[in-house]
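Written below as structure tokens is the structure these notes are about.
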Amino acid sequence: MEHLEENGFAPTGQDMFAGLLVRFKLDNGVPPRMVSCHTALVDGYVIEGHVPASDIRRLLAERPDAVGLAVPEMPLGSPGMDQGRWREAYDVFLIRNEGSTEVFASYKGN
């Protein structure tokens, strides 16, 4: 949430029991293979996992007909997963309304 606050967003949090959180994700269109640790709703889109603020801004500017964005798992070097100089390569996926996904952005590791 700190990354989002630093980039002009105003996130709020809510703790949910694990089963309730998974149900929330699935009910909001996140495919099981895209599930990560955090879920947000931003202007009608689902943001799942450690998605960079720049990708959220791009999503909001382009306004595709989609569920939202996801970064599965917790890749090192993604926002909130900073580990010094270490970064894993990872993709940000666009989740389409029917559940398919496509790469929205890619980040290189080192």
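When you line the sequence shown up against my numbering, it's residues 256 to 365, in that order. The beta carbon of each residue, even a glycine, is placed where N, CA and C say it ideally should be.
Cβ neighbours of Gly335 within its own chain (closer than 6 Å, five residues either side excluded): His258 and His305. Residue state for Phe272 is assigned as coil, using DSSP reduced to three classes. Here the alpha carbons of Arg340 and Ala321 stand approximately 33 Å from one another. Distance from Phe348 to Leu315 at the Cβ level is roughly 17 Å; contact not present, criterion being Cβ atoms closer than 8 Å. Note on geometry: alpha-carbon atoms of Pro307 and Ser333 lie some 7 Å from one another.
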